[in-house]
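Below is one structure, written out as structure tokens, with a few remarks after it.
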Amino acid sequence: MMTDTSPWLLRASGLSRYYGNRIGCQDVGFELWPGEVLAIVGESGSGKTTLLNCLSGRLTPTAGVVEYRMRDGTARGVFSLSEAERRFLARTDWGFVHQDARDGLRMSVSAGGNVGERLMAIGGRNYGAIRATALDWLGRVEIAEDRIDDRPDAFSGGMRQRLQIARNLVTGPRLVFMDEPTSGLDVSVQARLLDLLRGLVADLGLAAIIVTHDLAVARMISHRLMVMRAGKVVESGLTDQVLDDPQSPYAQLLVASVLQP
Amino acid sequence: MTKPRNEKLPSPSWGGVGGGARSERERAQRPAEAVRPVAPDTRPTHRGPVGCPPTPTLPSTTSDVSDVAHLDKEVGNSRLPAGGGRSDDAMPPENATAQGDTGAGSPDIPYNFAYLDEQTKRMIRRAILKGIAIPGYQVPFASREMPMPYGWGTGGVQVTAAILGPGDVLKVIDQGSDDTTNAVAIRGFFARTAGVATTTRTTEATVIQTRHRIPEKPLAADQVLVFQVPIPEPLRFLEPRETETRKMHALEEYGIMHVKLYEDIARHGHIATTYAYPVLVDGRYVMDPSPIPKFDNPKMHRAEALMLFGAGREQRIYAIPPHTDVESLDFEDHPFEVQRFEEPCALCGSSGVYLDEILTDDRGGRMFVCSDSDHCEETRSRSGEAA
Chain U
1 MMTDTSPWLL RASGLSRYYG NRIGCQDVGF ELWPGEVLAI VGESGSGKTT LLNCLSGRLT
61 PTAGVVEYRM RDGTARGVFS LSEAERRFLA RTDWGFVHQD ARDGLRMSVS AGGNVGERLM
121 AIGGRNYGAI RATALDWLGR VEIAEDRIDD RPDAFSGGMR QRLQIARNLV TGPRLVFMDE
181 PTSGLDVSVQ ARLLDLLRGL VADLGLAAII VTHDLAVARM ISHRLMVMRA GKVVESGLTD
241 QVLDDPQSPY AQLLVASVLQ P
Chain L
1001 MTKPRNEKLP SPSWGGVGGG ARSERERAQR PAEAVRPVAP DTRPTHRGPV GCPPTPTLPS
1061 TTSDVSDVAH LDKEVGNSRL PAGGGRSDDA MPPENATAQG DTGAGSPDIP YNFAYLDEQT
1121 KRMIRRAILK GIAIPGYQVP FASREMPMPY GWGTGGVQVT AAILGPGDVL KVIDQGSDDT
1181 TNAVAIRGFF ARTAGVATTT RTTEATVIQT RHRIPEKPLA ADQVLVFQVP IPEPLRFLEP
1241 RETETRKMHA LEEYGIMHVK LYEDIARHGH IATTYAYPVL VDGRYVMDPS PIPKFDNPKM
1301 HRAEALMLFG AGREQRIYAI PPHTDVESLD FEDHPFEVQR FEEPCALCGS SGVYLDEILT
1361 DDRGGRMFVC SDSDHCEETR SRSGEAA
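Going down the list, the protein sequences come from chains U and L. If you read the first sequence in the numbering used here, its first letter stands for residue 1, the second for the next number, and so on. If you read the second sequence in the numbering used here, its first letter stands for residue 1001, the second for the next number, and so on.
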């Protein structure tokens, strides 16, 4: 257990994950501060999602350490926690927004039930209070109140994604992992969702790690950027710095590949 | 004689022995006198206790089966050494007819006591003991095929078979009633295969196998209640993955159970789950109490009797030991409530009991009567004496 007082929230060092002989991600290290949004960009197959799954405890890394600073200020290794602790952490202090909302929602349960699930999981036993909280969160993610008893399969893609965000944020997490939260949405819905996300992150002081292949998304929402290629981090730095003045050949290629309308 | 229809050899997948196309063809090629009807095989076919399943037990025409005779000789092979085979005196005589011909109620049945072999019963008893040690935990067990279809109480029958002794008195109820097909069939099954006394009286029984009800009369410490369970996993309809539900039980992640109740309230304004109402056993495991009405849930709380649950198809056994806390899940502002009935039983006049709606004609006539037939009869006979 570490007792130093540096303010980082999540720290990864030497994180590697191999699939047999193939590399998922290799020797990734960084520190994430509270309230900071980190974007991981790269092409398909560059190891972004593997890295995100390793960081969020959903995938056991082959080597390396992920440490997380608990609410009491102690830093604990994510993979040295017991499974019960890790799952508890994942549904209280963390959020995970899936690319496909189907993976993150219970499609056969109403929107209110989806938002309330985490509250009930941590011991909420007052129906009125759970429903009031669910209504409040639906309002914050711009879902009309009269949709609270509708099931997510009656929702549009953008609404599902917003519902998923509400479901994750209802317990007041400090860190949210997002796996391509805006892909599959059309540009106007995407812009609204990003605007909403940016507002929520700023209001709640959330830290977030966002995996995306869309540099515009990264530019809009993130403070810091990591460019990955073939499982390795090839460049990292402030978002504007990396995007305006890419140093590595691959980052230069990536920035140059963006289509301009 | 006609030419065989098919000159080609049959496909290998049809098999070369004992029937199929080849034997058909050979029969066709044989001289006519060889195709005489085969005489029925009269040799005894018994090779052991499980060599031949009995014919399904038909419902007895008389409703009172409490006078089935005890066996006058010792049955069962528990005194045989394991793997030692059967002793000669336990073998059926050479000229014994097949089991199906012995007729219902015949006591000299060459099966092991209570149908299942002793190794199976030991395996089931181990599962039961583990279930009692961890109240509400679903213990996997190697469920056997029973001579009844899944859904008819194969799990309950196996548990009953494992705990039944020659001195037990068995009562079987289905939806509270002693005279429905399922109850009559299972009672007849054990009367034949174990030769135990059966009864319809709740107080007289030592083992009560039940489907969908707990008797109205509180059970005593020397009684065992065996439930037939179709789906033992309370989380199943919310989380279809077995690996995940096991993990949720292990880590006590039961928030999703309240999601189900939340959905009920959101949709209906109240908790609309009326049967198989989830309970928390001993403050640890969430358990499905089998499809009993939630009216019966409070009867499980700190009950005197041992309660065993057997799910045959799902291969799970679980238990509530006596004096165990059983708490029905609810919300602070929507507390657990049992069903209430406006009128008393139309036959015996009892109130505060669970009633069944009986249609009496096709013009909308109906009456509400006790679901527990023994309770109803007893109340009526008592009021008859008083009058």
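Using N, Cα and C, we set each Cβ at its ideal position, and we do this for glycine too. Predicted model only: the values in this text are computed from it and were never measured.
TODO: Specify whether the region 1220 to 1231 of chain L and the region 1202 to 1209 of chain L touch according to this definition: at least 3 beta carbon pairs, one from each stretch, less than 8 Å apart.
DONE: yes
- [ ] Compute the minimum distance between the beta carbon of L:Asn-1182 and the heavy atoms of the ligand HEM, and state whether it is under 7 Å.
- [x] The model on display carries no ligand, and the ligand HEM is accordingly not part of it.
Open item on the list: At the level of alpha carbons, what is the spacing between U:Gly-14 and U:Glu-31?
Closed with: Here residue 14 of chain U refers to the residue found at position 14 when the first sequence is read from its first residue. Here residue 31 of chain U refers to the residue found at position 31 when the first sequence is read from its first residue. Whole-angstrom Cα-Cα distance: 12 Å.
Task: Contact check, L:Lys-1294 vs L:Tyr-1318, beta carbons under 8 Å - done: The count along the second sequence starts at 1 and reaches residue 1294 of chain L at position 294. The count along the second sequence starts at 1 and reaches residue 1318 of chain L at position 318. Contact flag unset, no.
Open item on the list: Give me, in chain order, the residues of the same chain whose beta-carbon lies closer than 6 Å to that of L:Ala-1311; leave out the 5 immediate sequence neighbours on both sides.
Closed with: Within the second sequence, numbered from 1, the residue matching residue 1311 of chain L stands at position 311. The answer, listed in chain order, is Gly-1155, Val-1229, Pro-1232.
TODO: Specify whether the region 117 to 137 of chain U and the region 207 to 217 of chain U touch according to this definition: at least 3 beta carbon pairs, one from each stretch, less than 8 Å apart.
DONE: no
TODO: Please state if the CB of U:Met-228 and the CB of U:Ser-46 are separated by a distance shorter than 8 Å.
DONE: Residue 46 of chain U sits at position 46 when you count from the first residue of the first sequence. Residue 228 of chain U sits at position 228 when you count from the first residue of the first sequence. Against a cut-off of 8 Å, the Cβ pair of U:Met-228 and U:Ser-46 comes out as a contact.
Task: Identified DSSP bridge partners for L:Pro-1293 - done: On the second sequence, residue 1293 of chain L is found 293 positions in, with the first residue counted as 1. BP columns for L:Pro-1293 point to L:Tyr-1275.
Task: Distance CB(L:Glu-1343)-CB(L:Phe-1368) smaller than 8 Å - done: Translated into positions along the second sequence, residue 1343 of chain L becomes position 343. Translated into positions along the second sequence, residue 1368 of chain L becomes position 368. Result yes, Cβ atoms of L:Glu-1343 and L:Phe-1368 sit closer than 8 Å.
Open item on the list: Excluding the 5 residues flanking U:Ala-121 on each side, which residues of the same chain have their C-beta closer than 7 Å to its C-beta?
Closed with: The count along the first sequence starts at 1 and reaches residue 121 of chain U at position 121. Answer for U:Ala-121: Arg-91, listed in chain order.
Task: Rounded C-alpha distance that separates U:Ala-63 from U:Ser-16 - done: Locating residue 63 of chain U in the first sequence gives position 63, counting from the first residue. Locating residue 16 of chain U in the first sequence gives position 16, counting from the first residue. Roughly 5 Å between the two C-alpha positions.
TODO: Tell me, please, whether the CB atom of L:Glu-1242 is closer than 8 Å to any CB atom in chain U?
DONE: Within the second sequence, the letter at position 242 stands for residue 1242 of chain L. False, the Cβ-Cβ gap to chain U never drops below 8 Å.
TODO: Give the residues from the region 90 to 115 of chain U that approach chain L closer than 9 Å (Cβ to any Cβ), ordered along the chain.
DONE: Arg-91, Arg-106, Ser-108, Val-109, Ser-110, Gly-112, Gly-113, Asn-114
Open item on the list: When you compare the CB of L:Ala-1276 with every CB in chain U, is at least one pair closer than 8 Å?
Closed with: In the second sequence, residue 1276 of chain L corresponds to position 276, counting from 1. No, no contact with chain U.
- [ ] Would you grab the beta carbon distance between L:Leu-1329 and L:His-1258 for me? Rounded to a whole angstrom, and I think it's under 8 Å.
- [x] Working through the second sequence from its first residue, we reach residue 1329 of chain L at position 329. Working through the second sequence from its first residue, we reach residue 1258 of chain L at position 258. That belief holds up - the Cβ atoms of L:Leu-1329 and L:His-1258 are roughly 7 Å apart, short of 8 Å.
Open item on the list: For U:Thr-50 and L:Ile-1265, what's the separation of their Cα atoms in angstroms?
Closed with: Sequence index remark: in the first sequence, residue 50 of chain U carries index 50 (1-based). Sequence index remark: in the second sequence, residue 1265 of chain L carries index 265 (1-based). Computed Cα separation, rounded: 40 Å.
- [ ] For L:Phe-1227, name the three-state secondary structure that DSSP assigns.
- [x] The residue given as residue 1227 of chain L occupies position 227 in the second sequence. Strand at L:Phe-1227.
Open item on the list: For a cutoff of 8 Å on Cβ pairs, would you count U:Ile-23 as touching chain L?
Closed with: As a position in the first sequence, residue 23 of chain U is number 23, starting the count at 1. It does not; no Cβ of chain L falls within 8 Å.
Task: Contact under 8 Å by Cβ, U:Phe-79 with U:Phe-177 - done: Numbered from 1 along the first sequence, position 79 holds the residue referred to as residue 79 of chain U. Numbered from 1 along the first sequence, position 177 holds the residue referred to as residue 177 of chain U. No, the pair does not count as a contact, with Cβ atoms beyond the cut-off.
Open item on the list: Looking at L:Leu-1251: is its Cβ nearer than 8 Å to the Cβ of U:Arg-167?
Closed with: Taking the second sequence and counting its residues from 1, one reaches residue 1251 of chain L at position 251. Taking the first sequence and counting its residues from 1, one reaches residue 167 of chain U at position 167. Not a contact, by the Cβ cut-off of 8 Å.
Task: CB-CB length for L:Gln-1175 against L:Arg-1211, believed under 8 Å - done: For the purposes of this step, residue 1175 of chain L is taken as residue 175 along the second sequence, with counting starting at 1. For the purposes of this step, residue 1211 of chain L is taken as residue 211 along the second sequence, with counting starting at 1. Confirmed, about 7 Å.
- [ ] Just the chain L side, please: which residues come within less than 7 Å of U:Gly-128 by C-beta, in chain order?
- [x] Mapped onto the first sequence, residue 128 of chain U falls at position 128. Within chain L, the residues near U:Gly-128 are Asp-1333.
Open item on the list: My output table needs one value for U:Gln-247: the three-state DSSP class, helix, strand or coil.
Closed with: Locating residue 247 of chain U in the first sequence gives position 247, where the first residue counts as 1. Coil at U:Gln-247, not helix or strand.
Task: Cβ-based contacts, 9 Å cut-off: residues of the region 1257 to 1271 of chain L near chain U - done: Met-1257, His-1258, Val-1259, Lys-1260, Leu-1261, Tyr-1262, Glu-1263, Ile-1265, Ala-1266, Arg-1267
Task: chain L contacts from the region 52 to 86 of chain U (Cβ-Cβ distance under 8 Å) - done: Glu-83, Ala-84
Task: Euclidean distance between Cα positions of U:Ser-82 and U:Arg-76 - done: Sequence index remark: in the first sequence, residue 82 of chain U carries index 82 (1-based). Sequence index remark: in the first sequence, residue 76 of chain U carries index 76 (1-based). Between U:Ser-82 and U:Arg-76, the C-alpha separation is close to 11 Å.
Open item on the list: Applying the 10 Å Cβ sphere with the 16-neighbour rule, what's the burial state of L:Tyr-1354?
Closed with: On the second sequence, residue 1354 of chain L is found 354 positions in, with the first residue counted as 1. The residue in question, L:Tyr-1354, is buried, as its Cβ has 16 or more Cβ neighbours within 10 Å.
Task: Euclidean distance between Cα positions of U:Val-255 and L:Tyr-1254 - done: What you label residue 255 of chain U is simply residue 255 of the first sequence in a count that begins at 1. What you label residue 1254 of chain L is simply residue 254 of the second sequence in a count that begins at 1. So the alpha carbons of these two residues sit roughly 47 Å apart.
Task: Three-state class that DSSP yields for U:Phe-88 in the structure shown - done: Here residue 88 of chain U corresponds to residue number 88 of the first sequence, with the count starting at 1. It is helical.
Task: Beta-carbon separation (whole angstroms), L:Glu-1304 vs L:Pro-1218, contact threshold 8 Å - done: As a first step, residue 1304 of chain L is located in the second sequence; it is residue number 304 there, counting from the start. As a first step, residue 1218 of chain L is located in the second sequence; it is residue number 218 there, counting from the start. Right, the Cβ-Cβ distance comes to about 7 Å (below 8 Å), so this counts as a contact.
Task: Start-to-end residues for the beta strand (DSSP E) that takes in L:Lys-1171 - done: Taking the second sequence and counting its residues from 1, the one referred to as residue 1171 of chain L is at position 171. 1169 to 1174 is the span of the beta strand (DSSP E), which, as asked, contains L:Lys-1171.
Open item on the list: What does the alpha-carbon distance come out to for the pair U:Gln-241 and U:Ala-230?
Closed with: Taking the first residue of the first sequence as position 1, residue 241 of chain U is located at position 241. Taking the first residue of the first sequence as position 1, residue 230 of chain U is located at position 230. Computed Cα separation, rounded: 22 Å.
Task: Under 8 Å between C-beta atoms of U:Gly-112 and L:Asp-1333 - done: In the first sequence, counting from the first residue as 1, residue 112 of chain U sits at position 112. In the second sequence, counting from the first residue as 1, residue 1333 of chain L sits at position 333. Result no, Cβ atoms of U:Gly-112 and L:Asp-1333 do not sit closer than 8 Å.
TODO: Kindly list the residues whose CB is nearer than 8 Å to the CB of U:Arg-192, restricted to its own chain and excluding five residues on each side of it in sequence; keep chain order.
DONE: As a position in the first sequence, residue 192 of chain U is number 192, starting the count at 1. The answer, listed in chain order, is Glu-142, Gly-158.
TODO: List the residues that DSSP assigns as beta-bridge partners of U:Glu-31.
DONE: Taking the first sequence and counting its residues from 1, one reaches residue 31 of chain U at position 31. In the DSSP output, where bridge partners are listed per residue, U:Glu-31 has U:Arg-11.
TODO: Starting from the beta carbon of L:Gly-1165, find every residue of chain U whose beta carbon is closer than 8 Å, and list them in chain order.
DONE: The residue given as residue 1165 of chain L occupies position 165 in the second sequence. Correct list: empty, because the minimum Cβ distance to chain U is about 42 Å.
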